[in-house]
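Numbering follows the numbering used here, in which position 2 of the sequence shown is assigned residue number 11; successive positions increment by one, without gaps. In what follows, a single structure is set out as structure tokens and then discussed.
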Amino acid sequence: MAGVLLPLSLGACAWFEGDSLVGGPAGSLEPPTDYLIGPEDVVVISVWKEEGLEQEVIVRPDGKLSFPLAGDVAAAGRTPEQVQRDIATKIERYIPDPVVTVSVKEIGNKIYVIGQVKRPGAYVIGRYVDVVQALTLAEGLTPFAAENSIKILRRQGTEEQVFPFEYAEVKKGRGLEQNIFLKGGDVVVVP
């Protein structure tokens, strides 16, 4: 039990005291400041004073969404404000000075935790979930887990990145830069 509580305590201290013990995307120790829309996110798009132009839209796996008068709009990897501007630009030939709002209603990002964890599976993640939190979602490691051989697999286009994670070291308060923030589609492999 102490093996589980120490990392959780360290993470909680870092989060609430403002210390940056949790890592960000490879090389970054700070979480991103703006939420980036991802595939399968549900967004609500509305145009002020245009009742027929309010819709809930799911971002497709190709990262685009479709909206009346605007057609296909690139959404994945962009902030809601960037998507708002694109939609407004595309529809202004039909609606003068459109006021467009894009908000994320539901996050569709999933990570996968597989192998020697108590509850392997797919988990919907919010804005900032790091490796220790993902292992906690999976109810921790089994007694047979190879604590220092955990890998995080991340696909970037056609390229796959592999990040090592030594849980035993993180439990001791060392190597905390390994505790990176996960992105939708990441796979945590616990051999």
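Cβ coordinates follow ideal geometry from the N, Cα and C atoms, glycine included.
From Val-68, Val-138, Gly-80, Pro-77, residue whose alpha carbon lies closest to that of Val-197 = Measuring from the Cα of Val-197, the nearest candidate turns out to be Val-138.
Closest by C-alpha distance to Lys-58, when choosing among Pro-48, Ile-161, Gly-47, Val-109 = Ranking the options by Cα distance to Lys-58, first place goes to Val-109.
Spell out a yes or no on whether the segment 73-81 and the segment 112-131 are touching, meaning 3 or more CB-CB pairs, one atom from each, closer than 8 Å.
-> By the criterion of at least three beta-carbon pairs nearer than 8 Å, the segment 73-81 is not in contact with the segment 112-131.
Specify, as a first and last residue, the run of the beta strand (DSSP E) that Lys-181 falls within.
-> Per DSSP, Lys-181 is not a residue of any beta strand (DSSP E), being assigned neither H nor E.
Report the partner residues of Tyr-103 according to the DSSP bridge assignment.
-> BP columns for Tyr-103 are empty, so no partner.
Delimiting residues of the alpha helix (DSSP H) encompassing Thr-145 = Looking at the DSSP string, the run of the alpha helix (DSSP H) that includes Thr-145 is 140-146.
Whole angstroms is fine: what's the gap from Gly-194's alpha carbon to Val-171's?
-> Rounded to the nearest angstrom, the two C-alpha atoms are 13 Å apart.
Less than 8 Å separating the beta-carbons of Val-111 and Val-92?
-> Yes, the pair counts as a contact, with Cβ atoms nearer than the cut-off.
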